[in-house]
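Next comes the structure, spelled out in structure tokens:
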């Protein structure tokens, strides 16, 4: 994406209502989780949790892109 395209997108997003921004955020997060790197990251976290490793909620939120 070009810098001007990114700026245009950010400006359009800033004009959305809160409800629309939340919907867009959920959509972008879904795209991230469907990507190869996103699936790999979630898989690593799940394997660590299955092995008994504790994960703080704040770390999990950061790893999932919420923080």
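In the numbering used here, the protein residues as written are 20 to 86. We put the beta carbon where it would ideally sit given N, CA and C, even for glycine. These numbers come from a predicted model, not from an experiment.
Give the straight-line distance between the Cα atoms of residue 25 and residue 82, rounded to the nearest whole angstrom. Counting from 1 along the chain shown, the entry for residue 25 is found at position 6. Counting from 1 along the chain shown, the entry for residue 82 is found at position 63. The straight-line gap from Cα to Cα measures roughly 24 Å.
Using a threshold of 9 Å, state whether the C-beta atoms of residue 48 and residue 71 are closer than that. Here residue 48 refers to the residue found at position 29 when the chain shown is read from its first residue. Here residue 71 refers to the residue found at position 52 when the chain shown is read from its first residue. No, Cβ-Cβ distance for residue 48 and residue 71 is not below 9 Å.
Measure the C-alpha to C-alpha separation of residue 59 and residue 51 and round it to an integer number of angstroms. For the purposes of this step, residue 59 is identified with residue 40 of the chain shown, where counting begins at 1. For the purposes of this step, residue 51 is identified with residue 32 of the chain shown, where counting begins at 1. Spanning the two alpha carbons is a distance of roughly 11 Å.
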